[in-house]
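So for the sequence shown, this note's numbering puts the first residue at 4; every next one is plus one. We put the beta carbon where it would ideally sit given N, CA and C, even for glycine. Because the structure is a prediction, the values reported are computed rather than measured. Step one of this worksheet: look at the structure below.
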Amino acid sequence: MRFAAIADVHGNRAALKAVLDDISALGIRDIVNLGDCFSGPLEADQTGALLLLLDLKAERTVRGNHDRYLVEKTADQLEASDAHAHRQMSPRHFDWLRKLPFSMIWRDEVFLCHATPKDDNLYWLETVSPQGHVTLRPQDEIEVLAEGIEQSLILCGHSHIARMVSLSDGRLIVNPGSVGQPAYDDDAPFYHKVETGHAMASYAVIEKTGHGWAPLFRNVPYDHMAMSRLAAANGRAEWASALATGRV
């Protein structure tokens, strides 16, 4: 088995197109999507066109926390990134989001969720200190969150940090990184920044071998400055910086 895992596109059509082209060039046909598809000051409508076409082939997308906000909140309740996406989205985009599962088991071997199995707004592999330091979560805490999952490969997104962690029983958790947002800041649970330090689109190719799962993290260049300029034109300087440099 060989497939690609994408996550956290956040309305960045140009980054998504570059990743899909890279996946195609590798001869990979199967793609799973770990959510947060539209939210951002970019091109939610065009991103949706690509994602819905991709998902027509098989149901293999789970819903992220920002996807949930878009279908659970009214337009006037949304934060800026979600509100921008909401204005661009068509009814078919909302219909698609409503049908997405919180989590799923893909091909009997892979568990998919956006953040953790029970909370779509909690970092699984990272923790944030009161001082705003983002570090690897302690092993015992990671393992507690994985209790009850039988699949040997577990995929999550949400933190935008490409990372993998082996569990004590041999299971593997993989976060493929973010396709469309290489840096951001957040107030919860404490103010912190996530910064990759580069502007490329990130995803993972995962292969099952005779020795177990073998993830390969890939970073794909694209016209990130066009997206940075678009974010700036839409009044989002922090997004413009993140897309241009991978820092905020």
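A165 sits in coil when the DSSP states are folded into three classes, being neither helix nor strand. By the criterion of a C-beta distance shorter than 8 angstroms, P120 is surrounded in its chain by S106, F114, L148, A149, G151 and I152, once the five residues flanking it on both sides are discounted. W127: not part of any alpha helix (DSSP H); DSSP gives it neither H nor E. In this structure, the CA atom of G183 is about 6 angstroms from the CA atom of A204.
Within the same chain, and ignoring the five residues on either side of N124 in sequence, the residues whose Cβ sits closer than 7 angstroms to its Cβ are N68 and A118. The criterion of a C-beta distance shorter than 8 angstroms is satisfied by S84 and P44. Less than 8 angstroms divides the Cβ of D11 from the Cβ of D39. Assigned with DSSP and collapsed to three states, N237 falls in coil, not helix or strand. Taking 8 angstroms as the cut-off, the beta carbon of C159 is found no closer than this to the beta carbon of L57. Within the model, the alpha-carbon separation for A86 versus G238 is close to 13 angstroms. In the DSSP assignment, the residues bridged to F114 are I108 and I157. Taking G135 as the centre and dropping the five residues before and after it, the same chain places the C-beta of F193, Y194, H195 and K196 closer than 8 angstroms to its C-beta, in chain order.
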